[in-house]
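Sequence positions in the sequence shown follow mature numbering (1 follows the signal peptide of the UniProt record, and there is no 0) and run -30 to -1, 1 to 419. Where is the CB? At the ideal position from N, CA and C, for every residue including glycine. Written out below as structure tokens is the structure these notes cover.
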Amino acid sequence: MDQTKIVLHLLSGTFLFLCLSDLLLQAVTAEDQVTYLGSYCGGDQQYDQESEYANNVDLLLSNLTSRASTNKFYNVSSGETPNQVYGLFLCSSYTTDQVCQDCITLAQGEIRQQCPSSVASIVWYIECMLRYANHSIFAINDESVHRYMESGQAKYSQYNQDLTDTFISLFSTATTGNSSLASSTTVYLTKDLTMTCFVECTPDLSPSYCSNCLNSALSKLTTPGTQSGGLLQPSCRLMYAFNDAGSLSPGIEEIESMENLHFELDTIKAATDDFSPANKLGQGGFGIVYMGKLADQQAVAINRLSNASGQGIKEFKTEACLAAKIQHKNLVKLFGFCLERDEMLLVYEFAWRLWDEGNSLKLLESALGNVSAKAEAERCIQVGLLCIQEEPDKRPSIASVLLMLNTQPITIPSPVRPPAFPYRLGKKAAPRESYSIQAECEITELNPR
């Protein structure tokens, strides 16, 4: 089969941390949280929409979708021979339960639209994969189909060997011992250039089948060197991305060293009253998020990663350093991390405290020095805080969000404290009044997260 090139919209060393950041500021739609890669409609054989096989496909897809809220992987069949349908889905280990559910829901809709009568179909997203067929696909290494992805300029070919060596190392990690048949890492090639690689197999494969599948995928990755890319197969996939700090867009600055990012565990315990339930802000697939207050009175949000996140110590330290190096106006800022006494903790800035004190512009990077960028950013911060209000009727609709972001002048309601924000961490400031933003220039198109 001819290779099919698919644009890879988002794959970088900060992708996992974008997911973590969403624990603090949830995306408003499912489509915003998942990234479509491609689909495959298999075989020349088509089924009749009024047939028993069609009914079994419907039952299968409904069954799989209902399981996605509580499972990251699930396989099942529907019907009896000769009209039996076999299906499975896989959500990547870093996804939250909600993102997994959203991704599979979108995937079953996409597969119905793209392959309405195909007896075998696959749809891929960065966050998940869904497939079905008219023959057994369980515990079988299927290399019969592949999709090639690439994005960006092919200016990294001198690192092809580093890319190959890193993938081979990940193959071993993913298929050794009690591994979940998935692994990722971020490595520094130069001071300013990092490379992130990710490999994954469906968990029903044996380690040897997984290794065979990944090696097959690597052999088909014939033109690496683009900024990001990968190869998708029914039973496994591999992806990579180069991140050149020197070529990042304006609004990004660099943290100097790993040492500057490290927090002592005792410091974090003091900031959160020893992880007191009263300071709990929320909980997601990566663990619990706490409100904290550092010794310098800086309010922070602390993500206490769960052991189930699957993050290794080496990967955690490397990606924490990378995420802190890439500070952009669209990202929740990472102050640092703690890796001590079996704890893995991430320390983020906390937007509500700064807003409540009238200092929301302190969230901005120093590179955003012009008035128009500050006005735009303050508007985004205010709308973002409205989207996480505790009472549902206080949260704006998608239409209202679009109106508030793209209309001026307009009066935007003032947000109140988000759920579980502890008053006792500081003196409660008087509520800020609603106001009309009179921006001095046009609001530019916002870059999606």
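Residues sharing a beta bridge with residue i, DSSP
i    : result
F137 : Paired residues: none, contrary to the question.
R117 : L202
D214 : L163
H232 : F307
V169 : S153, L208
W94  : G8, M99
N45  : L58
G252 : V259
T196 : A124
Q16  : S88
Y158 : T164
Distance cut-off 7 Å: residue i Cβ against heavy atoms of the ligand ZN
i    : result
Q267 : As far as ligands go, the structure on display features none, and thus does not contain the ligand ZN.
Same chain only: Cβ atoms within 7 Å of residue i, ignoring 5 sequence neighbours per side
i    : result
A24  : Y17, D18
V27  : V55, Y102
D132 : L159, M165
S227 : Unreliable placement is indicated for S227, whose pLDDT of 47 sits below 50; no coordinate value is reported for it.
S149 : T143
C11  : Q84, C85, S88, S91
F305 : V270, V317, Y318, E319
S178 : none
N111 : L175, Y179, N182, C183, S205
Beta-carbon separation (whole angstroms), residue i vs residue j, contact threshold 8 Å
i    : j    : result
F245 : Y126 : Not really, about 42 Å apart at Cβ, beyond 8 Å.
D174 : F108 : 6 Å
Q359 : I382 : Their Cβ separation, rounded to whole angstroms, is 13 Å, which puts Q359 and I382 out of contact at 8 Å.
R365 : L356 : 6 Å
L315 : L275 : 7 Å
G252 : T196 : So it is not a contact: roughly 37 Å between Cβ atoms.
V169 : L140 : 5 Å
D214 : D162 : 6 Å
C183 : C206 : 4 Å
Range of the contiguous alpha helix (DSSP H) that encloses residue i
i    : result
Y179 : 177 to 190
S32  : 22 to 37
N376 : 368 to 376
R82  : 67 to 84
T237 : 235 to 241
Residues near residue i in its chain [Cβ-Cβ closer than 6 Å; skip 5 each side]
i           : result
W94         : L7, G8, L202
S114        : none
S87         : Q16, Y17
M99         : L60
S46         : Correcting the residue type first, residue 46 is Val in the shown sequence and not Ser. Excluding positions up to five away in sequence, the list reads N33.
residue 450 : Any answer about residue 450 is impossible in this case: the structure gives the chain only from -30 up to 419.
C180        : T145, L151, C171
S48         : N26, L29, L30, V55
P52         : none
residue 486 : There is no way to answer for residue 486, as the model of the chain reaches only from -30 to 419.
P194        : N130, L133
L395        : Only weak support is given to the placement of L395: the predicted model assigns it a pLDDT of 34, under 50, and the question is left unresolved by the model.
C308        : F233, L235, I238, L315
Q(-5)       : Its pLDDT being 37, under 50, Q(-5) is placed unreliably in this model, and the value from its coordinates should be taken loosely. For Q(-5), where only same-chain residues beyond five positions count, there are no Cβ hits under 6 Å.
L218        : Only weak support exists for where L218 lies, its pLDDT of 40 falling under 50; the value from the coordinates is given anyway. Counting only Cβ-Cβ distances below 6 Å, and skipping sequence neighbours, we find nothing.
T75         : T35
C350        : none
First and last residue of the uninterrupted beta strand (DSSP E) at residue i
i    : result
S274 : It should be pointed out that residue 274 corresponds to Arg in this sequence rather than to Ser. Looking at the DSSP string, the run of the beta strand (DSSP E) that includes R274 is 269 to 275.
I258 : 257 to 263
G57  : 55 to 61
F245 : Premise fails: F245 is in no beta strand (DSSP E) and is neither H nor E.
Sequence-distant residues of the same chain with beta carbon closer than 8 Å to residue i, five excluded per side
i    : result
E97  : Q3, V4, T5, C61, S62, T65, V69, C70, C73
Y44  : L34, R37, A38, L58, F59
L264 : T237, A241, V270
P392 : The pLDDT assigned to P392 is 38, lower than 50, so where the model puts this residue is not dependable, and the model offers no usable value.
C-beta neighbour in chain D for residue i, strict 8 Å
i    : result
R365 : The chain labelled as chain D is not found in the depicted structure, where only one protein chain is given.
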